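Asker: Right, I'll just put the structure down here and ask away after.
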Amino acid sequence: MSEELQALQKSSDTSDLAQKTKSASSSLTRILKYTLVRLVTLFITVVVGVYLTILIANMGGYVDEIRRGEIRESVSLRIMNDPVLKNLPPEVRFERMNEMIRLEEKRYGLDQPFALRSVRYLRNALTLDLGRSQTMSSDSGSRQVRLIILERLPATLVLFATADLILFFSAIFIALFLSRRYGSFWDKLVVTLAPSSSAPGWFYGIFLILIFAALLRVLPFGGMVGVPPPDNTLEYILSMLKHMILPVTAILLSSIASQAFSWRTFFLIYSSEDYVEMAKAKGLTSRDIERRYVLRPTLPNIITNFALLLISLWAGAPIFETVFNWPGLGRVLFQAIGLYDTPVIVASTVLFAYLLAVTVFLLDFLYALVDPRVKIGGQGSSR
Amino acid sequence: MKAIKKTLRDFLQYPSAIASMVIIFLLLVVSTYTLIVYPYSEAVRLWRGGENVWYNLPRNVPPSWTNWFRSEKLPETIILNSADESASKSIDSIQTGDRIEMAFTYEFDTDIYPQEISLFMKATFKEKSPFASITWETPDGREIRIADFAVATSQTYRFSQDTRLQRRLGGVAPMIGLFAEPGTDPPKPLKGEYTMRVSVVTFEPDTDLDIEFVQYGQVYGLAGTDHLRRDLMVALLWGIPVALSFGLVAALGTTILTMIIAAIGTWYGGWVDEAIQRVTEVNLVLPTLPILIMIGTFYSRSIVLMLGVIILLSIFGGAIKSYRSIFMQVRESPYIEAARAYGASDLRIIMNYLVPRIIPLLIPALVSGIPGFVFLEAGLAVLGLGDPVLPTWGKIIDDAQRNGALYRGYYYWVLEPAVLLMLTGLAFAMLGFALDRVFNPRLRGM
Chain A
1 MSEELQALQK
11 SSDTSDLAQK
21 TKSASSSLTR
31 ILKYTLVRLV
41 TLFITVVVGV
51 YLTILIANMG
61 GYVDEIRRGE
71 IRESVSLRIM
81 NDPVLKNLPP
91 EVRFERMNEM
101 IRLEEKRYGL
111 DQPFALRSVR
121 YLRNALTLDL
131 GRSQTMSSDS
141 GSRQVRLIIL
151 ERLPATLVLF
161 ATADLILFFS
171 AIFIALFLSR
181 RYGSFWDKLV
191 VTLAPSSSAP
201 GWFYGIFLIL
211 IFAALLRVLP
221 FGGMVGVPPP
231 DNTLEYILSM
241 LKHMILPVTA
251 ILLSSIASQA
261 FSWRTFFLIY
271 SSEDYVEMAK
281 AKGLTSRDIE
291 RRYVLRPTLP
301 NIITNFALLL
311 ISLWAGAPIF
321 ETVFNWPGLG
331 RVLFQAIGLY
341 DTPVIVASTV
351 LFAYLLAVTV
361 FLLDFLYALV
371 DPRVKIGGQG
381 SSR
Chain B
1001 MKAIKKTLRD
1011 FLQYPSAIAS
1021 MVIIFLLLVV
1031 STYTLIVYPY
1041 SEAVRLWRGG
1051 ENVWYNLPRN
1061 VPPSWTNWFR
1071 SEKLPETIIL
1081 NSADESASKS
1091 IDSIQTGDRI
1101 EMAFTYEFDT
1111 DIYPQEISLF
1121 MKATFKEKSP
1131 FASITWETPD
1141 GREIRIADFA
1151 VATSQTYRFS
1161 QDTRLQRRLG
1171 GVAPMIGLFA
1181 EPGTDPPKPL
1191 KGEYTMRVSV
1201 VTFEPDTDLD
1211 IEFVQYGQVY
1221 GLAGTDHLRR
1231 DLMVALLWGI
1241 PVALSFGLVA
1251 ALGTTILTMI
1261 IAAIGTWYGG
1271 WVDEAIQRVT
1281 EVNLVLPTLP
1291 ILIMIGTFYS
1301 RSIVLMLGVI
1311 ILLSIFGGAI
1321 KSYRSIFMQV
1331 RESPYIEAAR
1341 AYGASDLRII
1351 MNYLVPRIIP
1361 LLIPALVSGI
1371 PGFVFLEAGL
1381 AVLGLGDPVL
1391 PTWGKIIDDA
1401 QRNGALYRGY
1411 YYWVLEPAVL
1421 LMLTGLAFAM
1431 LGFALDRVFN
1441 PRLRGM
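Those protein sequence lines, which keep their order, are chains A and B.
Residue numbers are given in my numbering: position 49 of the first sequence equals residue 49, and the series is strictly consecutive.
Residue numbers are given in my numbering: position 268 of the second sequence equals residue 1268, and the series is strictly consecutive.
Following this line, the structure appears as structure tokens:
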């Protein structure tokens, strides 16, 4: 159960940062400070991650090509729009154009060594200024890469956020239920089913599409809304919900057994603690015991565990969205592969790095809220 | 020795472990068989050889065994060749040249008409091409003239594309007209022995003609065929060794390297440890799949490169933290101090004293890690980034998706590779699960 151990260990390195902030008195400032430190660390992490992405992309000179293509396009546009230049004889005009391109390239620093250029690319990538796409365009008709990918972001967020929320609460519910009925039929069933989570969501998706879309014809094969999209908002939402049933179920199927299993194990470990026995002896209701003495101390572990799951779900988005034809970020990436649209591929990779970083940050923030060790100054680094 | 026996006994208490061992063993047997029967070059030829490798297979048909579950049987694919024993061929000398008689006889006993019948003819002659007349004999004794034509050196005749034949059959499609029982409405196929006779007249000495008769059925082989008429069996079989070796190498490489890095980090401590921790954090934010996609699109889709990159991106994974915590405890053990006291080198301590301690934790992690990599490889292929040469399961699913297999009802096309993937993934996952319990008795009660 490496995942559980991982979760247990996670506390060590998040809290040693907080250790430095011993002087702060109130827990709020402590949390704020902790969050700020984490934010800065994560920002540095993202910068490094994005820089690595650019390095990989530019090993074949691809980012350079994006820039060159853009310069050529803008220069030729300028020449076409300039009445004086436009009427020059073709050879002279061509020479002028090349000269202008050379100057522009120099202005952008394309004649400089890569080490210098990469820093500039990094800045551009961090602001998602990765130029214009080669063939793809956004739904509103723009060729700006930033627009293309940002336009798709909500679709991805809606799908995964819904699935994750359902997953989180149903897993907790099931885990609590199972820990209450340790050794029962349902408990054994979930333990037996836990290995089924080795298959990713897209894989279950194929089966679900086969059964519910192809065989029974009750749910759509894929996509986000019906065709044509309904005009009024209510119908639009209903249609979207209908399209979300299969993808959300696929994510649930692929993760719920292992999540419920590992959380149930946490609950079982914690409910054999002495203070739980004590609470039972005091005659507290089982509901109170669960809430105050079992759920509460396991919460940090559960959140870490869940965030790791989220990260793996994000990472699988390109395949998952392709299988379900979901018009999200992952699908853009897939389309960009098919069209060899370099700027879009690089930009989506960068955006995925951002998404992962945001997830990690949210995890850290929640962690700070629920883990008392952060609030009181963090002595928990011995683990 | 005793310890191993005990471990084995513990292990055999889990039925899921035994089931998974059986599945893995079968997969290994089948992949050995595959590698012997279809060596690499043969598999690549069968999978990418081009139209002349799979021309005589039907397009997009389910496997033959699906007939067991059907009330109306689908016709098999029948291939008869006058060059071998499957069809009769006799040569008589007459005044002007030779007279070659061929008969293609077979039993037709299904309730559905075949997809198509084609004749692939190969003739050898110098100037004057031989002349062939083809007739069709039904079980009830009717004789239908199919066509008469001069045969070129290499010629294909497709029954359904002959409009004159269709006219002669009264405007019915040839596949229905030739097999239908007269007087039935809707036309029902007549079961029994059909014979196609070809009589050829040659006009030159040393003229020869051979005909391959292909009745494209609605089912084929053990696995069916895809949109290019390829036998899916090749890819299904080859997918096993590819998936197994990919998963195994990736899991092995990742776990072992991760463990060594964790050991080095904990042993040296200080900035080495700190650096490893930070790299792990950066790695968490690196989007693995998009980076793989980028590499696949820009550089190469070769499976070996992908494997390397996957290992590289996974060695600084979350597992480092759990290994590190165990090494932290081990580092303080007295026997390590003893080793240090007798002057063991750092490398010796790491390799001989630290690393072995973690093996009980490592083996389950390794086995449980395999399905993830198997599915990752399939996933990349589903995105169209599969290895350009090797036939794999993921590539079948990709082909099926691109050709709307589910929408058009070719379920076998998706189900076959998916079931194999599931079987492989589940087997390793269950094995890992059982191993985890055997090696970590703390979990056993849970």
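Note that beta-carbon positions come from the ideal geometry of N, C-alpha and C, so glycine has one too.
Bear in mind that the values here come from a model prediction, so they are computed numbers and not experimental data.
How is the beta strand (DSSP E) around TRP1136(B) delimited, first residue to last?
Answerer: From DSSP, the beta strand (DSSP E) with TRP1136(B) extends over 1131-1137.
Asker: Tell me whether THR29(A) sits in a helix, a strand or coil according to DSSP, three-state version.
Answerer: Note: THR29(A) maps to helix in three-state DSSP.
Asker: Measure the beta-carbon distance from VAL350(A) to THR53(A) and round it to whole angstroms, keeping in mind my assumption that it falls under 8 Å.
Answerer: That belief holds up - the Cβ atoms of VAL350(A) and THR53(A) are roughly 6 Å apart, short of 8 Å.
Asker: DSSP state of ILE1189(B), grouped into three classes?
Answerer: Inspection of the sequence shows that residue 1189(B) is occupied by Pro rather than by Ile. It is a strand residue.
Asker: At which residue ranges does the stretch 1234-1319 of chain B contain complete alpha helix (DSSP H) runs of 4 or more residues, listed in the order of the chain?
Answerer: Qualifying alpha helix (DSSP H) stretches, in chain order: 1270-1285, 1288-1298, 1303-1314.
Asker: Determine contact between the stretch 1317-1328 of chain B and the stretch 1260-1274 of chain B, defined as no fewer than three beta-carbon pairs at a distance below 8 Å.
Answerer: The stretch 1317-1328 of chain B, when compared against the stretch 1260-1274 of chain B, does touch it at the 8 Å Cβ threshold.
Asker: Could you tell me the alpha carbon to alpha carbon distance between PRO247(A) and SER196(A), rounded to whole angstroms?
Answerer: Whole-angstrom Cα-Cα distance: 17 Å.
Asker: Does VAL360(A) come within less than 8 Å of chain B when only Cβ atoms are used?
Answerer: Closer than 8 Å: yes.
Asker: Rounded to a whole number of angstroms, what is the C-alpha to C-alpha distance between GLY1386(B) and VAL225(A)?
Answerer: Rounded to the nearest angstrom, the two C-alpha atoms are 30 Å apart.
Asker: Taking Cβ positions only, does PRO1063(B) come closer than 8 Å to chain A?
Answerer: With 8 Å as the cut-off, PRO1063(B) does not count as an interface residue toward chain A.
Asker: On the criterion of 16 or more Cβ atoms from any shown chain inside 10 Å, does ASN1060(B) qualify as buried, or is it exposed?
Answerer: ASN1060(B) comes out buried.
Asker: Between ALA163(A) and SER254(A), what straight-line distance do the alpha-carbon atoms span, to the nearest angstrom?
Answerer: Roughly 11 Å separates the two Cα atoms.
Asker: Quick one: what's got a C-beta closer than 6 Å to LEU1257(B)'s C-beta in the same chain, skipping five residues either side?
Answerer: Counting only Cβ-Cβ distances below 6 Å, and skipping sequence neighbours, we find ILE1315.
Asker: Apart from the five residues on each side of it in sequence, which residues of its chain come closer than 7 Å, Cβ to Cβ, to ARG93(A)?
Answerer: Cβ within range, chain order: ILE79, LEU85.
Asker: Specify the secondary structure class of TYR1055(B) as computed by DSSP and reduced to three states.
Answerer: Of the three classes helix, strand and coil, the one that applies to TYR1055(B) here is coil, per DSSP.
Asker: Between the beta-carbon of ILE311(A) and the beta-carbon of LEU356(A), is there less than 8 Å?
Answerer: Yes. Within cutoff.
Asker: Between GLY226(A) and chain B, is any beta-carbon pair separated by less than 8 Å?
Answerer: No - not a single Cβ of chain B is within 8 Å of the one on GLY226(A).
Asker: Assess, as a yes-or-no matter, whether the stretch 1151-1161 of chain B is touched by the stretch 1220-1234 of chain B under the definition of 3 or more beta carbon pairs within less than 8 Å.
Answerer: No contact exists between the stretch 1220-1234 of chain B and the stretch 1151-1161 of chain B.
Asker: So that I know if they touch, is there some Cβ in chain B lying closer than 8 Å to that of TYR34(A)?
Answerer: So no, TYR34(A) is outside the interface.
Asker: Tell me whether PHE1120(B) sits in a helix, a strand or coil according to DSSP, three-state version.
Answerer: Reduced to three states, the DSSP call for PHE1120(B) is strand.
Asker: Cβ of PHE203(A) less than 8 Å from any chain B Cβ?
Answerer: So, interface residue.
Asker: Tell whether a beta-carbon distance below 8 Å holds between MET1102(B) and SER1133(B).
Answerer: Cβ atoms of MET1102(B) and SER1133(B): not closer than 8 Å.
Asker: Taking only beta-carbon positions, decide if GLY328(A) is within less than 8 Å of chain B.
Answerer: It does not: the Cβ of GLY328(A) has no partner Cβ on chain B nearer than 8 Å.
Asker: In the DSSP assignment, what residue or residues form a beta bridge with TYR1216(B)?
Answerer: The partner list for TYR1216(B) (beta bridge, DSSP) reads GLU1116(B).
Asker: Put LEU385(A) into one of helix, strand or coil per three-state DSSP.
Answerer: With chain A running from 1 to 383 in the structure shown, residue 385(A) is simply not present.
Asker: Exposed or buried, THR1280(B), counting other C-beta atoms within 10 Å across all chains shown (16 or more means buried)?
Answerer: Buried, since its Cβ has 16 or more Cβ neighbours within 10 Å.
Asker: Suppose the cutoff is 8 Å on Cβ atoms and the five residues either side in sequence are ignored; what does the same chain contact list for ILE1336(B) look like?
Answerer: Here the set comprises VAL1330, ILE1349, TYR1353, LEU1354.
Asker: Can you find a CB in chain B that lies within less than 8 Å of the CB of THR349(A)?
Answerer: With 8 Å as the cut-off, THR349(A) counts as an interface residue toward chain B.
Asker: Could you check what DSSP says for ASN301(A) in three-state terms: helix, strand or coil?
Answerer: It is helical.
Asker: Between GLY1177(B), LYS1122(B), TRP1047(B), ASP1148(B), which has its C-alpha nearest THR1156(B)'s C-alpha?
Answerer: With distances taken between Cα atoms, THR1156(B) lies closest to LYS1122(B).
Asker: Which residues, in order along the stretch 1430-1442 of chain B, keep a beta-carbon less than 8 Å from a beta-carbon of chain A?
Answerer: Correct list: MET1430, GLY1432, PHE1433, ASP1436, ASN1440.
Asker: Which same chain residues end up closer than 6 Å to LYS1188(B) when comparing Cβ atoms and leaving out the 5 residues on each side of it in sequence?
Answerer: Only GLU1181 meet the Cβ criterion.
Asker: What's the gap between the Cα of LEU1125(B) and the Cα of ALA1150(B)?
Answerer: With the sequence shown as reference, residue 1125(B) is identified as Phe, and Leu is not the correct amino acid for it. Between PHE1125(B) and ALA1150(B), the C-alpha separation is close to 12 Å.
Asker: Can you name the residues of chain B whose CB is closer than 9 Å to the CB of SER133(A)?
Answerer: Here the premise fails: no neighbours, minimum Cβ distance about 14 Å.
Asker: Which class does VAL227(A) belong to by DSSP, given the choice of helix, strand or coil?
Answerer: DSSP places VAL227(A) in coil when its eight states are reduced to three.
Asker: Run through chain A and tell me which residues come within less than 7 Å of THR1297(B), C-beta to C-beta.
Answerer: ILE337, TYR340, ILE345, listed in chain order.
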